[in-house]
Each structure stands twice: as structure tokens, then as C-alpha cells.
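**Student:** Here you go, one structure.
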Amino acid sequence: MLVLAGLGTALVVLPLVGLLTRTPWRDLANLLTSRIVVDALRLSLVASTGAAALSLVLGVPLAWVLARSEFRGKALLRGLVILPMVLPPVVGGAALLFAFGRRWLIGEPVYEATGFLLPFSMWGVILATTYISLPFMVLTVEAGLRNLDERYEAAAATLGASRWRVFRRITLPLIGSSLLAGLVLAWARALGEFGATITFAGNLAGRTQTMPLAVFLALEQDRGAAVAISLVLVAVSLTVLVLLRERWWPVR
Amino acid sequence: MLFAAACASPSDGEDVLIVFAAASLTKPFGEIAEEFEAVNDVEVVFSFAGSSALRVQIIEGAPAEVYASANLANMEAVVDAGITHTDPVVFVANTMEIGVAPGNPRGIAGLGSLSDGDLLVGLCDATVPCGSLARRVLGGAGVVPAVDTNEPNARALVTKLEEGDLDVGMVYRSDVVGSDLINGIEIAAQDNVLAAYPVAALTASGTAAAFVAFLQSDEAGAILRRHGFATP
Chain A
216 MLVLAGLGTA
226 LVVLPLVGLL
236 TRTPWRDLAN
246 LLTSRIVVDA
256 LRLSLVASTG
266 AAALSLVLGV
276 PLAWVLARSE
286 FRGKALLRGL
296 VILPMVLPPV
306 VGGAALLFAF
316 GRRWLIGEPV
326 YEATGFLLPF
336 SMWGVILATT
346 YISLPFMVLT
356 VEAGLRNLDE
366 RYEAAAATLG
376 ASRWRVFRRI
386 TLPLIGSSLL
396 AGLVLAWARA
406 LGEFGATITF
416 AGNLAGRTQT
426 MPLAVFLALE
436 QDRGAAVAIS
446 LVLVAVSLTV
456 LVLLRERWWP
466 VR
Chain B
2 MLFAAACASP
12 SDGEDVLIVF
22 AAASLTKPFG
32 EIAEEFEAVN
42 DVEVVFSFAG
52 SSALRVQIIE
62 GAPAEVYASA
72 NLANMEAVVD
82 AGITHTDPVV
92 FVANTMEIGV
102 APGNPRGIAG
112 LGSLSDGDLL
122 VGLCDATVPC
132 GSLARRVLGG
142 AGVVPAVDTN
152 EPNARALVTK
162 LEEGDLDVGM
172 VYRSDVVGSD
182 LINGIEIAAQ
192 DNVLAAYPVA
202 ALTASGTAAA
212 FVAFLQSDEA
222 GAILRRHGFA
232 TP
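Same order as they appear, the protein sequences are chains A and B.
When we follow our numbering, the leftmost residue of the first sequence carries the number 216, and every step to the right adds one.
When we follow our numbering, the leftmost residue of the second sequence carries the number 2, and every step to the right adds one.
This is how it looks when you write it as C-alpha cells:
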């Protein structure tokens, strides 16, 4: 058992060691403050925060419906919500393009009238990353709602609290840790999103080029820069995951 | 090592030749491989991707036996890494064209249109050959493009033009010939560039050498020209 656990650990640790051995420590400061890295990091942080927020707004009601109501087609709905988690992100990106591109039913008239276009814009990055991270939010919150003892809510309702008040004062605080875990997972997944973003939103430094896109393209020309950017992604993601795991994640 | 073994495992005992080739060669190489397999007892297995991505994989030890790149720089890097077995030979060349939607609905006239901020303009990223060539052509003509996206390879750019998600882009002539959906506007010869495609064998295998030789044959040349390439 311990041997297998050790092998499992090696599998996740060795690639990081590989990354560290290729890190150009001497040029690191210069690489990390270069325009392209700073732009990509800012865009990545803005987009993944936007995606996490959107996932919260759209994902909690979805989780609620999935956890609390019974209707025909519920299994299908859950399948559809989880789909972006298992689809190749490039497929998701292409599908988004066919749905929200300017050749689409709605995209075309909107573009002709206002010039507003989701692809090739920062809003496109946020939409693509939300599409990929939404299932992480929904699944986490749905699990939280299922584990919740509904008698607390029933008691509050008996005491005359409105449904909204029960949700706000009883349900939300009780699923707080699930909400936070969902937010963190959605945020971290969005931070690492590549395939859907480059396919749907394109790649332009300062507008749609997030960290993963910058890594991918730098890898083919400037290995040092690619490794430096990867290191930042690893550091940011790992810090967030470790800190929050210690304090708030529901699993003890 | 594991990767090499897994990739090279031949189906029903037939020999396998692993060819790493620039994505722009996908269509002609498919036909060329059929001709080659017909006279040689071997199965040609391709890995098509951006030349730069392939270069990285080869230098990191990917089990390629033949490398066909869309520019000289990537081949030179592989030569410098000491991985080539034969000297590279240029076997084909490509030129750039302006790719537009069928029927040219936006009335794109020439290179100058690429600086139009109202059009959705796509190029290949500067890190891949079609992107650096496009920038050389535009730079030579004094055009500063209003780029909306830098696509990771030629194929991705062509797809976005075909789907109408972009108005105009700089693509290979072979991409225009190979697509039923986009039209090409020729670039005057004095503004255009010629992209040389070198190929080299990476192993001592006779099959690899035979494939490299076959690429320079009249038979292969005819296939390549039919797909919009120029042969030396």
C-alpha cells in the first residue's frame, strides 16, 4: 500500500522536479517581469476570478435544482452539466465558437449592429473558462447540499421564516465550506484552462493570451520563458490549493 | 524508452516508419505515403503538428525517423542537436497568400486590408513558420497588421477563416488550394516570400533514406504540386 502511495506521489512530484531542473534561475526575474508574462498573468487572474464568480452565480442554483428537486430528465441535466469536465476542452471551444461566433443565429445580428463579439475578446476568455469550470462548482455544492441535514431548514420554516430567509440564514452558512471549495476548484481549473480558450477566444497578447497560452507558444521558441511562466502557474495554484485545503475543505 | 516501444510496435509484423511532418504537409503526405507503401513493405505512421512543436519533441527524444519541417530554422536546431543522420534537403517550397471567405464578401483587395481595424484579422503566431513568414511579407510591404488573434498553427487559422470567424488572414498557398471554403488573393511576387521545406532522415534505417529519396521523385513532386506547393 505504502509503496503504491509512494509511486503515486512520485508521479505527481517528478514532473515538478523536471520543471525545477529546467528553470533558468539566473534570468528568472527578467523573464517574470517581461511584458508578455505580466500581461498574461493579469489576464489569467482576471479571467479565472470572473469565471469563478460566474460559476458561483450560475452553479449554485443548478446545484440546488439537482440536489433538491425531482423531475424527469434530471439525470440528463446532470450529465450535460458535467460534460465540459470530460470533453476535450478543444471540442468545447469549437462548440462555443459554433454557438457564440458571429456566424451564429444570435452572434451575427449582435455583431452587425454593435460590433460586439465574444470570440477574440476578454469576455470570450471568461465565457470559455466558465464553461469548463462550472461543473466543478455544481458538483461540489450539490454534494454539500446533499450532506446537509434538512431538519434545520424545516425547523426555520416552521418558525415562520420565508424560503429566501431560510436559504440565506440556514442553508448558505451550512454549505459554506462546499461553496468555498467549489469556488477554489472552479478558479484553479479556470487558471489552467487552455484548449477551450485558444479555440474560442484566440490568442492575442494583452487581450486573450492567458498564462497557459503563453506557456504553449513560448515552449516552441523560448524554453526558459515557458518554464518560468509554468513555475508561476504551479506556485499560484499550489499555494491556493494548500492554504484552502488546510482551513476550509470539507474533507478532513 | 517506453514511449518509443509503444509507438513503434508494428501491426501484424509489418515494418513501421515514423515520420514527423509540418501540419501543412498533411494532405500531400497522406497520398505520398500510399504510393510509398505500395512499393515498399512498410507502414508509414505520421505525426503532423507545427514544425516548432515537432522540433521540440524530436530534441526531447521522440522516436521520429524522418523530419520534414516547414522552415530551415527548425531543421537547423535539430541538426545542431546532432539528431539528423543525413544532411537536410529542400524538397518543396510554399508561398503565402491572403486567405478570405469564399466570394470575398468584405472586398479585401490586398495586403493593406490587414491593417484595417474593422476587419477581424488573424495570423499564425510569430513562433511558428507561417507566422514569421507572414510578418516578413507584411513588414516588406510596410503593412502594420491589426491582429485579432495569433493562431498556434496554420491549420487552426485556416479553420477560423473557413468558419467565417475571421475576415482575413495570411495563409500558405497550399492551404488555399487545399480548402474548398476559402479563397486566396495572390501576393505580388516581389512582396512574397518562398518558404523552403527541408527533410532529413534521423536514423540509419534504409526505409527512412528511401522515404526521403521518394519525396524528391517526380511522382511525389506531382502530388505536392497538385496540393499547391512548388517543387525545386
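Glycine is no exception: its CB is placed at the ideal position from the N, C-alpha and C atoms.
Going by beta-carbon coordinates alone, are Ser445(A) and Val430(A) separated by less than 8 Å?
**Tutor:** Numbered from 1 along the first sequence, position 230 holds the residue referred to as residue 445(A). Numbered from 1 along the first sequence, position 215 holds the residue referred to as residue 430(A). Contact: yes.
**Student:** Pick helix, strand or coil for Leu453(A), following the three-state DSSP scheme.
**Tutor:** Taking the first sequence and counting its residues from 1, the one referred to as residue 453(A) is at position 238. Helix, per DSSP.
**Student:** Quick one: which chain A residues come within Cβ less than 8 Å of Val200(B)?
**Tutor:** Here residue 200(B) refers to the residue found at position 199 when the second sequence is read from its first residue. The premise fails here: Val200(B) is roughly 20 Å from chain A at the closest Cβ pair, so nothing lies under 8 Å.
**Student:** Counting only C-beta atoms, is Pro303(A) closer than 8 Å to chain B at any point?
**Tutor:** Mapped onto the first sequence, residue 303(A) falls at position 88. So, not an interface residue.
**Student:** Determine the chain B residues that contact Ile347(A) at a beta-carbon separation under 7 Å, and present them in chain order.
**Tutor:** Translated into the one-based positions of the first sequence, residue 347(A) becomes position 132. By Cβ distance, chain B contributes nothing, its closest Cβ being about 18 Å from Ile347(A), past 7 Å.
**Student:** Among the residues of its own chain, which have a CB less than 7 Å from the CB of Ala211(B), if the five just before and after it don't count?
**Tutor:** Taking the first residue of the second sequence as position 1, residue 211(B) is located at position 210. Asn41, listed in sequence order.
**Student:** Would you kindly work out how many angstroms separate the C-alpha atoms of Ala6(B) and Ile99(B), rounded to a whole number?
**Tutor:** The residue you call residue 6(B) lines up with position 5 of the second sequence. The residue you call residue 99(B) lines up with position 98 of the second sequence. With a pLDDT of 41 at Ala6(B), under the threshold of 50, the predicted position of this residue should be treated as unreliable, though the coordinate-derived value follows. Spanning the two alpha carbons is a distance of roughly 43 Å.
**Student:** Please check the pair Leu158(B) and Glu164(B), which I expect to be a contact at CB under 8 Å, by giving their CB distance rounded to whole angstroms.
**Tutor:** On the second sequence, residue 158(B) is found 157 positions in, with the first residue counted as 1. On the second sequence, residue 164(B) is found 163 positions in, with the first residue counted as 1. Leu158(B) to Glu164(B), Cβ: 11 Å. No contact.
**Student:** From Asn105(B) to Ile186(B), what distance separates their C-alpha atoms?
**Tutor:** Position 104 of the second sequence, counted from the first residue, corresponds to residue 105(B). Position 185 of the second sequence, counted from the first residue, corresponds to residue 186(B). Roughly 9 Å between the two C-alpha positions.
**Student:** Please identify, using Cβ separations under 8 Å, the residues of the stretch 136–154 of chain B that lie next to chain A, in order along the chain.
**Tutor:** Residues Val148, Asp149, Thr150, Asn151, Glu152, Pro153.
**Student:** Throw me the rounded Cβ distance for the Leu203(B) and Ala65(B) pair, which I believe falls under 8 Å.
**Tutor:** The count along the second sequence starts at 1 and reaches residue 203(B) at position 202. The count along the second sequence starts at 1 and reaches residue 65(B) at position 64. With 8 Å as the limit, Leu203(B) and Ala65(B) qualify as a contact, their Cβ atoms being about 6 Å apart.
**Student:** Would you kindly report the start and end of the unbroken alpha helix (DSSP H) that includes Leu335(A)?
**Tutor:** Mapped onto the first sequence, residue 335(A) falls at position 120. The question names Leu, but residue 335(A) in the sequence shown is Phe. No alpha helix (DSSP H) contains Phe335(A), which DSSP labels as neither H nor E.
**Student:** What are the residues in the stretch 415–434 of chain A lying within 9 Å of chain B by C-beta distance?
**Tutor:** Result list: Ala416, Gly417, Asn418, Leu419, Ala420, Arg422, Thr423, Gln424, Leu428, Phe431, Leu432, Ala433, Leu434.
**Student:** Assuming Ser263(A) is part of the alpha helix (DSSP H), what are its boundary residues?
**Tutor:** Numbered from 1 along the first sequence, position 48 holds the residue referred to as residue 263(A). From DSSP, the alpha helix (DSSP H) with Ser263(A) extends over 250–283.
**Student:** Can you pull the chain B residues whose beta carbon is under 9 Å from the beta carbon of Leu312(A), in chain order?
**Tutor:** Stepping through the first sequence from its first residue, residue 312(A) is reached at position 97. Correct list: Lys161, Glu164, Asp166.
**Student:** Distance check for Val90(B) and Ala231(B), CA to CA, integer angstroms please.
**Tutor:** In the second sequence, the residue the question calls residue 231(B) occupies position 230. In the second sequence, the residue the question calls residue 90(B) occupies position 89. Taking the straight line joining both Cα atoms gives about 15 Å.
**Student:** Buried or exposed: where does Ala221(B) fall if 16 or more other Cβ atoms within 10 Å of its Cβ makes it buried?
**Tutor:** Along the second sequence, one-based indexing puts residue 221(B) at 220. With 16 or more other Cβ atoms within 10 Å, it is buried.
**Student:** Just to make sure I have the definition right: I need the residues of chain B whose C-beta is within less than 8 Å of the C-beta of Gly316(A). Which are they?
**Tutor:** As a position in the first sequence, residue 316(A) is number 101, starting the count at 1. Going along chain B in sequence order, the residues near Gly316(A) (Cβ under 8 Å) are Glu164, Gly165, Asp166.
**Student:** Exposed or buried, which one is Leu332(A) when buried takes at least 16 other CB atoms within 10 Å?
**Tutor:** One-based indexing of the first sequence puts residue 332(A) at position 117. Buried: at least 16 other Cβ atoms inside 10 Å.
**Student:** Name, in chain order, the residues that DSSP records as bridge partners for Leu302(A).
**Tutor:** Here residue 302(A) is taken as the residue at index 87 of the first sequence, counted from 1. Paired residues: none, contrary to the question.
**Student:** Mind checking the stretch 53–69 of chain B against chain A and listing, in chain order, the residues whose C-beta falls within less than 7 Å of any C-beta there?
**Tutor:** Of all residues in the stretch 53–69 of chain B, Ser53, Ala54, Val57 have a Cβ within less than 7 Å of some Cβ in chain A.
**Student:** Below 7 Å on C-beta distance, what does Ile413(A) contact in chain B?
**Tutor:** Residue numbering aside, residue 413(A) sits at position 198 when the first sequence is read from its first letter. In chain order: Pro153.
**Student:** Of all the beta strand (DSSP E) runs that stay within the bounds of the stretch 64–99 of chain B, which reach a length of 3 or more residues?
**Tutor:** Counting only runs of 3 or more, we get 67–69.
**Student:** Count the CB pairs spanning the stretch 236–244 of chain A and the stretch 310–323 of chain A that are closer than 8 Å, and state whether there are at least three.
**Tutor:** Touching, no, given that fewer than three Cβ pairs across the two stretches are closer than 8 Å.
**Student:** Ends of the alpha helix (DSSP H) at Met472(A)?
**Tutor:** Chain A is shown only over 216 to 467; residue 472(A) falls outside these bounds and no answer can be derived.
**Student:** Could you please tell me which residues of the stretch 324–355 of chain A, in chain order, have their CB closer than 7 Å to any CB of chain B?
**Tutor:** Correct list: Pro334, Phe335.
**Student:** For chain A, check one thing: does any of its Cβ atoms lie closer than 8 Å to the Cβ of Leu121(B)?
**Tutor:** Within the second sequence, the letter at position 120 stands for residue 121(B). Answer yes: the Cβ-Cβ gap between Leu121(B) and chain A drops below 8 Å somewhere.
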